[in-house]
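With my numbering applied, the sequence shown covers 15 to 287. Glycine included, each C-beta is placed from N, C-alpha and C at the ideal position. Reading through the structure tokens given below for one structure.
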Amino acid sequence: MGLTARIRTRDGWAVSHAVVTVTDMTGTQVLRAEADAEGVVRDATELAPGAYTVIVTAVGYAPAASSAIVTASGRAEVGTVTLARQGGTELPPPGPWSIDPAHSSVGAVAQHLGISSVHGRFTDFAGRIEIAPDEVEKSRVEAVIRAESIDTGNGMRDTHLRSADFLDVERYPEITYRSTGLTAAGADRWTVHGELTLHGVVRPVDLDLAYLGTGSDPWGGTRAAFRATTELRREDFAMNYNQVVQAGIAAIGTTLKVELDIQAVQGESLPSA
């Protein structure tokens, strides 16, 4: 009985210091509970059946409010509550930002044999973000990835991925992305429109972007964090190789899920430390 909830940031981290307050329809507080180290709230207080308002607060985050219906069991299952960092409704301060590869990741996930996933990442990349001062829609991002830096944790597979069957890194050593526009998709979400050059083919690709906020770093700089995802079809980039195993199942899926976790440092260059 009582209240259960999970409190998370936009990038999936637990908010261990979150406070959950529940009020009834008259605005009277009926329950107050704190999240544990895993961002989980469990409170055994039995609530009378009815409608309630659940407010989640945490230092450094914008409050979140939602409605909850308590059934005859006296249980209120709020589910996962996502908190946006304060300031997350706007992009970072205008000007240049340099992507920090040491604290960023460029990953892709492909289905394997129809039953599991292969996770890969590129270890050598660089990029630059330019936040426009007046119209954020005019902000730009450019990134370059060294195709040969693909790493799936299996040397034989990586060698095959670098070959002409897939990335063909000798002919196409770089993968590039250049934005062409930006549109708001929510309070702290944006859609980045751009062109991806991969395997010698240029295609329009949109990124679903979540802005996770800014903060100071130990080197006296300011950092901004983003998470972006998209899906690519290998055939769109002329990578049609596949091995079909028994029952007609393709060894490697034709769709790639791309996951980007990006830290950018304010300024034209990265700190030397």
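CA-to-CA distance, residue j to residue i, given in whole angstroms
i	j	result
residue 106	residue 268	36 angstroms
residue 243	residue 24	13 angstroms
residue 98	residue 30	14 angstroms
residue 263	residue 49	Per-residue confidence for residue 263 stands at a pLDDT of 40, beneath the threshold of 50, marking its modelled position as unreliable; no derived number is given.
residue 260	residue 248	Because the pLDDT at residue 260 is just 44, under 50, the model does not fix this residue reliably, and the point stays unresolved.
residue 140	residue 279	12 angstroms
residue 55	residue 43	17 angstroms
residue 209	residue 62	55 angstroms
residue 301	residue 147	In the structure displayed, the chain extends from 15 to 287; residue 301 sits before or after that span and is not available.
residue 72	residue 27	13 angstroms
residue 117	residue 87	46 angstroms
residue 18	residue 93	7 angstroms
residue 282	residue 211	24 angstroms
residue 223	residue 109	19 angstroms
C-beta contact flag for residue i and residue j at 7 angstroms
i	j	result
residue 284	residue 114	yes
residue 156	residue 142	yes
residue 217	residue 179	no
residue 47	residue 34	yes
residue 70	residue 95	yes
Whole-Å CB distance - residue i paired with residue j, under 8 angstroms assumed
i	j	result
residue 22	residue 53	6 angstroms
residue 144	residue 154	5 angstroms
residue 274	residue 123	Actually they do not touch by this definition, with Cβ atoms about 12 angstroms apart.
residue 79	residue 39	That pair is no contact at about 14 angstroms.
residue 164	residue 188	With a Cβ gap of about 13 angstroms, residue 164 and residue 188 do not count as contacting.
Residues bridged to residue i (per DSSP)
i	result
residue 240	225, 276
residue 57	17
residue 50	Partner(s): none; residue 50 has no beta bridge.
residue 230	236
residue 218	209
| request: Tell me the start and end of each unbroken beta strand (DSSP E) in the segment 157-215 that is at least 3 residues and wholly inside, in chain order. | output: 188-198, 203-212
| In chain order, each beta strand (DSSP E) run of at least 3 residues that lies wholly inside the segment 62-139 | 64-71, 78-84, 89-97, 109-113, 119-126, 130-136
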